[in-house]
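In terms of UniProt numbering, the sequence shown opens at residue 1 and continues consecutively. Just so it is clear, CB atoms sit at the ideal spot from N, CA and C, and this is done for glycine as well. As the structure is a computational prediction, the values presented were derived from the model and not from experiment.
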Amino acid sequence: MTTNIHTTFDKIYDRRKKEEFLNQRSKVIWFTGLSGSGKTTLASGLERLLFKKGHFCQVLDGDNIRSGINNNLTFTEDDRRENIRRIAEVCKLYLNSGVITLCAFISPTNEIRDMAREIIGEEDFLEIHVNTPIEICEERDVKGLYAKARQGKIPNFTGISSPFEAPISPFYRIDTSKQEAEKAVEMLFEKVGEEISW
C-alpha cells in the first residue's frame, strides 16, 4: 500500500449516525450456493420485503458486478478471489453507510468466504447457504450453463469442473426446492429481522 494515501473516514459521519438516520442496523447478508440455487431470487425477494418494512437495502449480484466493476476478471481461482475481495470492500463501504447489503455470489470455497468475512467483520457478515441440490439447479438452468460445462465448453464451472465447499456453520441454511420462493423469503426475514432492527 502506498504511503501517499490518506483516508478521510475520521472526517465524515460515522456508521452509527447513519444507522440512526435510517433506523436500522447495517449488515451484509451473504448468499452462497451453486448457480441456479436461488441466491438472486432470495436476495431480490428479501430486498422487496425489507423495503416494504421500511429498510434501506442494496442488492449486489454476480452477473451485475461482473458486467461492471469486475468486468476485467475471469473465472480462474485468482480472479475469483479478487472478485470477492473487491465485492467485500464495496460491502464494507455500504456497511459504514448504514445500508443493508444483500450479496448473491457463488463464492465457492470456505477460504474465499472467510476472506470476505474478515474484510467485512465477523459480527456484520450473515452467511446464508442456499443449499439447493445440483439436480434442481440444473433443471432450472434456462441459460444452459450446466450443459455447456458438462460438454467442456465452460471451464472452471462450480459444481461440475470446479468444487463448491458448503459452509461449515452458516448463519442460516435453506433449500429452495423445499418451499416456494415467497415462503423462503418470509423465513429469511424472520431470521435476519433481529439482526437489522434496533
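If one requires a minimum length of 3 residues, the beta strand (DSSP E) runs lying completely within the UniProt domain "APS kinase" (26 to 171) are 28 to 32, 57 to 61, 100 to 104 and 125 to 130, in chain order. In the DSSP secondary-structure assignment, Arg173 is bridged to His129. Look at Lys178 here: in three-state DSSP terms it is coil, with no helix or strand label. The C-beta of Ile168 has fewer than 16 other C-beta atoms within 10 Å across all chains shown, which makes the residue exposed. The residue from Arg48, Tyr13, Lys92 and Ile160 with its alpha-carbon nearest to that of Ala181 is Arg48. A direct Cα-to-Cα measurement between Arg81 and Asn72 gives close to 13 Å.
Taking C-beta atoms under 8 Å as the contact rule, Phe189 and Leu46 qualify, at a distance of about 6 Å. Inter-residue distance for Trp30 and Gln151 is about 31 Å (C-alpha atoms, whole angstroms).
Burial state of Ser67 is exposed, judged by a 10 Å Cβ sphere holding fewer than 16 other Cβ atoms. When secondary structure is reduced to three states using DSSP, Ile196 falls in the helix class. Its Cα nearest to that of Ile119, the residue Ile84 stands out among Ser177, Ile84 and Lys191. The distance from the Cβ of Gly38 to that of Val130 is about 5 Å, consistent with a contact at the 8 Å cut-off.
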